[in-house]
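Read through the structure below, which is laid out as structure tokens, and then see the notes.
Numbering (the numbering used here), first residue to last: 1 to 372.
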């Protein structure tokens, strides 16, 4: 990588280079995947905040994008009150760790300039727990980088839809939402979300926004009621495949060898087959979750119904996320066959945001994984 790097905000003329970077730099693991943003990276960025900048790092000869990062602003609940906060995401880079160090320092200098022109005291971000190299690098406090303080472990559960659809609904009734019920859903989400840290403040206007809730229709919300028609909880089945894709690049040697056998038995176990390299993972998020912490029956009914709806759309997996200490995390783990991965939620701040970041109380965090 050459010594000279330049950094600037992405525009409509350069976002195609960002999409190339995402396509060509998969995330490692037993399944190597690229997290793509076709056909326009700004479509995916728009759901993460009402203000954002996508930062691009340019280098090489000929000049091209070698790194990226996103800075977003949105309104969430902090200590029970709606407050504007930031989110850092979409961090990608070409090259080795040493090259990333230089790229990282330059990237955060640019992000700091964006921060100074913005309107948030601090940021949140998530990093996969076992990505020790990235966590050490970000926690090291190099140069003018912000402080990264670990806050909570978050667990994202990946549930095969055919297995999840077999779960019972008991006496719970689950029905799709409608335009008529959308304002009521927003009120319930606000009431529920104020109990948690970083739960987005969803207004009726935001739920109807073609930018912030792209691809999400009133009928994608599911409402769970009891025998007396009292609403017990809700969530949404958010299919983002039209603007966010997870594409398989390959498998670890061990999993690659086992894949033919696993695929042979997958239908008998109610699980999807592992797709070949180049194919997409057909998945969707269970978002906008509003279920009481002690009501596992309602969550089970909502997930089971969501899985049945997802199967009709050709979706193989649904994903839902909770803080590790959230009581409903244990419900999902116990009642649904699933894979899970753990990430660490960080609060990130420069000196001007230290007091606000240190004032966070001990409420359970509940950021929306579908927009991170």
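C-beta: ideal position from N, C-alpha, C; glycine also.
Near residue 35, which residues of its chain fall below 7 Å by C-beta distance, leaving aside the five closest residues on each side in sequence?
-> Residue 35 sits at position 35 when you count from the first residue of the chain shown. If we look at residue 35 and ignore the five residues flanking it on each side, its Cβ neighbours are 22, 27, 246.
Rounded to the nearest angstrom, what separates residue 66 and residue 148 at their Cα positions? On the chain shown, position 66 is the one that residue 66 refers to. On the chain shown, position 148 is the one that residue 148 refers to. Going by the C-alpha atoms only, they are around 24 Å apart.
message = In the DSSP assignment, the alpha helix (DSSP H) including residue 190 goes from what residue to what residue?
response = Taking the chain shown and counting its residues from 1, the one referred to as residue 190 is at position 190. First-last of the alpha helix (DSSP H) with residue 190: 182-193.
Assign residue 227 to one of two classes, buried (16 or more other C-beta atoms within 10 Å of its C-beta) or exposed (fewer than that). Taking the chain shown and counting its residues from 1, one reaches residue 227 at position 227. By the 10 Å Cβ count, residue 227 comes out exposed.
(Q) 9 Å is my cut-off, CB to CB: does residue 130 come that close to chain C? (A) In the displayed structure, chain C is absent; only one protein chain is listed.
| Is residue 284 closer than 9 Å to residue 310 when the C-beta atoms are compared? | If you number the chain shown from 1, residue 310 lands on position 310. If you number the chain shown from 1, residue 284 lands on position 284. Contact flag set, yes.
* Could you spell out the range, first to last residue, of the beta strand (DSSP E) harbouring residue 224? => Position 224 of the chain shown, counting from 1, holds the residue named residue 224. Element bounds for residue 224: 221-225.
Requested in this report: Could you check if residue 151 is buried or exposed, using at least 16 other CB atoms within 10 Å of its CB as the buried criterion?
Outcome: Taking the chain shown and counting its residues from 1, one reaches residue 151 at position 151. The residue in question, residue 151, is buried, as its Cβ has 16 or more Cβ neighbours within 10 Å.
Return the CA-CA distance between residue 318 and residue 336, expressed in angstroms with no decimal places.
Looking up residue 318 in the chain shown gives position 318. Looking up residue 336 in the chain shown gives position 336. Using only the alpha carbons, I get a separation of about 11 Å.
Candidates 39, 252, 111, 328, of which the one nearest residue 348 by Cα | If you number the chain shown from 1, residue 348 lands on position 348. For residue 348, the nearest C-alpha among the options comes from 111.
Item to complete: Using a threshold of 9 Å, state whether the C-beta atoms of residue 101 and residue 298 are closer than that.
Response: The sequence position of residue 101 within the chain shown is 101, counting from 1. The sequence position of residue 298 within the chain shown is 298, counting from 1. Cβ distance not < 9 Å, so residue 101 and residue 298 don't count as in contact.
Exercise for the section: Determine the contact status of residue 94 and residue 86, defining contact as a CB-CB distance below 9 Å. Expected result: The sequence position of residue 94 within the chain shown is 94, counting from 1. The sequence position of residue 86 within the chain shown is 86, counting from 1. Contact: no.
Going by beta carbon distance, what residues of the same chain come within less than 7 Å of residue 160, once the five residues before and after it are set aside? By one-based count along the chain shown, residue 160 stands at place 160. Correct list, in chain order: 270, 271, 272, 316, 317, 337.
Nearest-angstrom beta carbon gap, residue 7 and residue 383 [assumed within contact, 8 Å]: As shown, the chain starts at 1 and ends at 372. That puts residue 383 outside it, with no answer to give.
#### Entry: residue 92 to residue 134 span [Cα, whole Å]
Position 92 of the chain shown, counted from the start, is the residue given in the question as residue 92. Position 134 of the chain shown, counted from the start, is the residue given in the question as residue 134. Whole-angstrom Cα-Cα distance: 11 Å.
Query raised in the report: Alpha carbon to alpha carbon, what distance is there between residue 50 and residue 89?
Result: Numbered from its first residue, the chain shown carries residue 89 at position 89. Numbered from its first residue, the chain shown carries residue 50 at position 50. If you take the alpha carbons of residue 89 and residue 50, they lie about 15 Å apart.
Leaving out the 5 sequence neighbours to the left and right, which residues in its chain are closer than 6 Å to residue 374 when beta-carbon positions are compared?
A query on residue 374 cannot be resolved here, the shown segment of the chain reaching from 1 to 372 and no further.
As an exercise, report each continuous beta strand (DSSP E) stretch of at least 3 residues that is fully enclosed by the segment 311-371, in chain order. 317-323, 339-349
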